Each structure stands twice: as structure tokens, then as C-alpha cells.
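Trainee: This is the structure, below, for whatever I ask next.
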Amino acid sequence: MAEKMTEQMKAAGDTLRKSGERMAETGTELGMRLLDQAEANTREAFAAMRAAAHAKDAAEVMRIQSDYLRDQGNRAMEQAREIGSLITSYGREAIERITKKD
Numbered sequence: 002m003a004e005k006m007t008e009q010m011k012a013a014g015d016t017l018r019k020s021g022e023r024m025a026e027t028g029t030e031l032g033m034r035l036l037d038q039a040e041a042n043t044r045e046a047f048a049a050m051r052a053a054a055h056a057k058d059a060a061e062v063m064r065i066q067s068d069y070l071r072d073q074g075n076r077a078m079e080q081a082r083e084i085g086s087l088i089t090s091y092g093r094e095a096i097e098r099i100t101k102k103d
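Numbering (my numbering), first residue to last: 2 to 103.
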């Protein structure tokens, strides 16, 4: 009986350790994806500022700004979906690891 409990505790500890390791990996993956998104957003913002600086008149500046805001809104929605999907898959994976019966 004691041996069985020891084995179960060891298995639970191994599962917990593996889950912790995967959490660290996913945290790194998520952080890198967020940095990639921030970099893309920054590039787009500077491109819009450059275009506005070379605009011929105020109407063109307004068009550039409008286009940028529309595109940024679309980009933000897509980025939020991507991050949400990553978090969901990480959560699902973590639950599967914890509840997996060997």
C-alpha cells in the first residue's frame, strides 16, 4: 500500500514538474509572439508617420491617418485572436497533462 502511494506521489510530482517546464516554455513563446506583434505595430506606425510627413496636403494626411487607424484596428483584432488562441491551446494542453491517466 505504501509503495503504491509512493509511486502515485512520484508520478504526480513528475507530472507537475513537466507541466511547470511546459509553462515556462509557453510563457517564452507567448512573450516572443507579443514582441513580434509590437515590432510589426511599430513598423506600421513609423511607415504611416513617414507617409504623413511627405503628404502634399492636409487631406492626404487625413487619408493616411484614417487608413492607418483602420489597418491598426484590424491588426489588433487579428493579434488578439492569435494570442487568445495560443492561450487557449496552452490551457487545454495543461489540463490534458494534469488529467491524463497513464
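Ideal placement from N, C-alpha and C gives every residue a C-beta, glycine not left out.
Computed from a prediction, not measured in an experiment: that's the story for all the values here.
Where does D15 fall in DSSP's three states?
Mentor: As a working note, residue 15 is residue 14 in the sequence shown. Correct three-state label for D15: helix.
Trainee: How many Å lie between R51 and G14 at the Cα?
Mentor: Position 50 of the sequence shown holds residue 51. Position 13 of the sequence shown holds residue 14. Approximately 55 Å, taken between the alpha carbons.
Trainee: Please classify I88: is it buried, with 16 or more other beta-carbons within 10 angstroms of its beta-carbon, or exposed?
Mentor: For this step, residue 88 is matched to residue 87 along the sequence shown. Exposed.
Trainee: Using only CA atoms, which one of R93, A95, A77, G85 lies nearest to A39?
Mentor: To locate residue 39, count along the sequence shown from 1; it is residue 38. Here the closest residue by C-alpha is A77.
Trainee: Do you know whose CA, among T29, S86, M6, A46, lies nearest S67's CA?
Mentor: Translated into the one-based positions of the sequence shown, residue 67 becomes position 66. The candidate whose alpha carbon is nearest that of S67 is A46.
Trainee: Please report the straight-line C-alpha distance between T29 and D72, rounded to a whole angstrom.
Mentor: For the purposes of this step, residue 29 is identified with residue 28 of the sequence shown, where counting begins at 1. For the purposes of this step, residue 72 is identified with residue 71 of the sequence shown, where counting begins at 1. Computed Cα separation, rounded: 28 Å.
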